[in-house]
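Numbering (my numbering), first residue to last: 11 to 325. Worksheet: the structure to be examined is printed underneath.
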Amino acid sequence: MKEFLSVKNLVKNYGDFCAVDDLSFSVGEREIFGLLGPNGAGKSTTMNVITSLCDFGKGSVMVDGMDIVKDKEKARRVIGMVPQEIALYPFLNAEENVKFFASLYGLKGKELNSAAREALEFVGLSDRAKMKPKKMSGGMKRRLNIACGIAHHPKLIIMDEPTVGVDAQSREHILGSIKTLRERGATVIYTSHYMNEVEDICDRIAIIDHGRFVACGTEQELISTVSDSKVLKISTEIRSDYPVNELIAELSGLPDVRKARIDENEIILEINASRKDFTLFIEHIQKHGLPICGITSESMNLEDVFIALTGRELR
Ligand SMILES: Nc1ncnc2c1ncn2[C@@H]1O[C@H](COP(=O)(O)OP(=O)(O)OP(=O)(O)O)[C@@H](O)[C@H]1O
Ligand SMILES: [Mg+2]
């Protein structure tokens with residue numbers, strides 16, 4: 011995959027405080043790349059540096075082969091930013107807001123009109139084109155905020171928590187739109203506190219904490235850095251006088267089983283994550299005359315990975 015963005019050894023200080031501390035990562039062309047980290051981790055600061063909204067102390071940032079310091083004006087033109095704080099002009103209507111932001115990237119005349127129309131349609135606000143932000147709901151403002159960031163067809167779209175405060179339907183719409191933008195050729199950097207969104211749309215994820223790099227990879231790669239086991243739960247019906255210890259001892263000795271235990275009517279096996287076929291375990295349980303009422307297999311999720319790597323919860 012061609013590299014589209016490269017951040018190398020980035021350092022950003024606010025006075026004595028180091029908000030981004032030697033951060034490096036790269037994003038491939040047409041990738042949806044997630045930045046995950048708790049409040050204050052340095053996500054917005056990193057995004058603001060990439061879009062040249064704030065300066066930085068050390069390191070380098072290259073976008074589409076351009077250095078964001080040396081080729082600042084050219085680099086800015088290929089980037090679209092959807093900021094965490096909604097940035098709209100209250101006295102301009104939806105269409106005028108989109109046109110204002112798109113005109114900053116040099117669009118004018120017919121091209122500007124059609125770009126604004128297309129962006130409003132894209133976020134599902136065509137019928138609100140003449141409405142001013144102050145009359146819009148929070149979710150509509152979020153969607154308008156997105157339209158303003160993408161109207162000029164940027165190659166790199168940076169979205170900082172674009173779904174905060176939107177309802178489930180708007181969220182689905184926004185997540186679907188991000189996938190469509192990628193299909194049209196865009197590269198996307200995405201932050202969110204909603205773990206399921208990141209799991210759903212991001213190809214790779216970088217976890218940062220206290221401005222520092224913690225880990226990076228696909229969801230599966232991140233999971234395997236902290237655990238190579240998964241949990242199998244088999245529901246059954248066990249009489250109170252049933253000799254469970256015998257069954258536990260037998261299951262514990264089976265290949266790929268690390269731990270076996272029983273919790274009321276549930277047999278819980280911790281097994282190697284690579285094990286895909288559960289027939290052997292089922293056969294042994296059935297041999298003991300126990301019914302199989304249900305089976306679930308649980309791997310770690312990103313939240314578990316985050317806690318394992320940073321020692322804290324995301325929120
Ligand atoms: N303009 C500023 N002046 C001083 N400190 C700042 C400034 N902007 C951010 N910071 C500090 O830098 C750190 C990183 O902030 P940043 O906004 O990048 O975090 P974040 O990961 O985006 O957090 P959140 O999830 O809350 O949006 C925080 O400790 C914050 O207080
Ligand atoms: Mg932020």
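Beta carbons: idealized from backbone N, C-alpha and C, even for Gly.
Which residues does DSSP pair with residue i in a beta bridge?
i      : result
Thr306 : Lys243
Ile218 : Phe223
Tyr24  : Phe27
Phe43  : Ile199 and Arg214
Lys18  : Ser70
Val37  : Leu15
Cys281 : At residue 281 the sequence reads Ile, which differs from the Cys that was named. DSSP lists Lys240 and Val267 as partners of Ile281.
Asp314 : Answer by DSSP bridge pairing: none, since Asp314 is not bridged.
Asp77  : Met72
Glu276 : Ser245 and Asp273
Among the options, which has the Cα closest to the Cα of residue i?
i      : options                           : result
Met72  : Asn103, Gly38, Lys145 and Gln296  : Gly38
Glu95  : Asp81, Leu33, Ser54 and Leu232    : Ser54
Gly299 : Lys286, Arg249, Ala318 and Thr320 : Arg249
Ala85  : Lys269, Ala126 and Gly75          : Gly75
Asp213 : Asp32, Ala196 and Glu41           : Glu41
Leu319 : Val236, Cys303, Phe111 and Phe288 : Val236
Ile78  : Met57, Pro93 and Ala97            : Met57
Ile272 : Pro265, Ile295 and Val198         : Ile295
Glu207 : Ser234, Gly186, Ala196 and Lys80  : Gly186
Pro143 : Val17, Ser307, Thr173 and Asn107  : Asn107
Asn19  : Ser34, Ala139, Arg222 and Gly149  : Ser34
Arg210 : Asp31, Lys12 and Asn311           : Before going on, a small fix: residue 210 reads as Asp here, not Arg. For the residues Asp31, Lys12 and Asn311, the minimum Cα distance to Asp210 belongs to Asn311.
Ile160 : Leu290, Ser136 and Ala112         : Ala112
Lys68  : Leu98, Lys22, Asn103 and Ile215   : Lys22
Met169 : Gly148, Val198 and Leu98          : Val198
Gly44  : Glu274, Tyr200, Met91 and Ile302  : Tyr200
Ile233 : Lys120, Ser309, Lys297 and Leu63  : Ser309
Thr246 : Asn275, Ser239, Glu229 and Glu256 : Asn275
Leu264 : Gln230, Phe291 and Met91          : Phe291
Leu102 : Lys151, Cys64, Leu117 and Glu83   : Lys151
Ile317 : Val224, Arg194, Thr289 and Phe66  : Val224
Cys64  : Tyr24, Asp81 and Lys80            : Tyr24
Ala29  : Ser124, Glu83, Asn49 and Lys12    : Asn49
Tyr204 : Arg194, Val254, Arg181 and Ala196 : Arg181
Lys240 : Glu256, Asp287, Asp251 and Pro253 : Asp287
Glu3   : Ser70, Glu313 and Glu256          : Given a span of 11 to 325 for the chain in the structure shown, any question on residue 3 remains unanswerable.
Val17  : Asp26, Ser70 and Lys82            : Ser70
Ala3   : Met91, Asp238 and Pro301          : Shown here, the chain extends from 11 to 325; a query on residue 3 therefore has no answer.
Leaving aside the five residues before and after residue i along the sequence, list all residues of the same chain whose C-beta is less than 6 Å from its C-beta, in chain order.
i      : result
Leu15  : Val37 and Val73
Ile244 : Ile277 and Ile305
Ile89  : Thr61, Pro164 and Leu166
Ala270 : Ile258, Leu261, Ser262 and Leu279
Ala327 : Since the displayed the chain opens at 11 and closes at 325, residue 327 lies outside it and no answer follows.
Arg285 : Asp266
Leu242 : Leu279, Ile281 and Ser307
Asp31  : Gly221 and Arg222
Pro93  : Asp170
Hey, quick one: how far does the alpha helix (DSSP H) through residue i stretch, first residue to last?
i      : result
Cys212 : Neither: Cys212 is in no alpha helix (DSSP H) and is coded neither H nor E.
Glu95  : Counting along the chain, Glu95 falls outside any alpha helix (DSSP H), and DSSP gives it neither H nor E.
Leu290 : Thr289 to Lys297
Lys82  : Lys82 to Arg87
Thr173 : Where Thr173 is concerned, there is no enclosing alpha helix (DSSP H), given that its DSSP letter is neither H nor E.
Phe110 : Ala104 to Ser113
Leu63  : Element bounds for Leu63: n/a, residue is neither H nor E.
Ser124 : Gly119 to Phe132
Ala157 : Gly148 to Ile160
Tell me which residue opens and which closes the beta strand (DSSP E) that residue i is part of.
i      : result
Arg271 : Val267 to Asp273
Asp251 : Where Asp251 is concerned, there is no enclosing beta strand (DSSP E), given that its DSSP letter is neither H nor E.
Lys68  : Lys68 to Val73
Met169 : Leu166 to Asp170
Which residues in the same chain have their Cβ closer than 7 Å to the Cβ of residue i, if we skip the five residues on either side of it in sequence?
i      : result
Gly47  : Lys53, Ile217, Ile218 and Asp219
Gly134 : Arg153 and His183
Lys109 : Leu122 and Ala126
Ser202 : Glu171, Thr173 and Val208
Tyr115 : Arg87 and His162
Cys303 : Ser245, Thr246 and Glu247
Phe66  : Leu20, Val21, Lys22 and Val59
Val315 : Leu232, Ile233 and Val236
Glu13  : Ser36 and Gly38
With a CB to CB cut of under 8 Å and the five nearest residues on each side skipped, what residues in its chain are close to residue i?
i      : result
Pro100 : Lys142, Pro143 and Lys144
Ala104 : Leu130, Leu135, Arg138, Ala139, Lys140, Met141, Lys142, Pro143, Met146, Leu154 and Ala157
Gly227 : Arg214, Ile215 and Thr235
Gly148 : Gly175 and Val176
Ala51  : Ile218, Asp219, His220 and Gly221
Leu98  : Asn107, Pro143, Lys151, Leu154, Asn155 and Cys158
- Query: What residues does ligand 1 have around it, judged by CB closer than 5 Å to any heavy atom, in chain order?
  - Reply: Working through the chain, the matches are Tyr24, Ala29, Asn49, Gly50, Ala51, Gly52, Lys53, Ser54 and Thr55.
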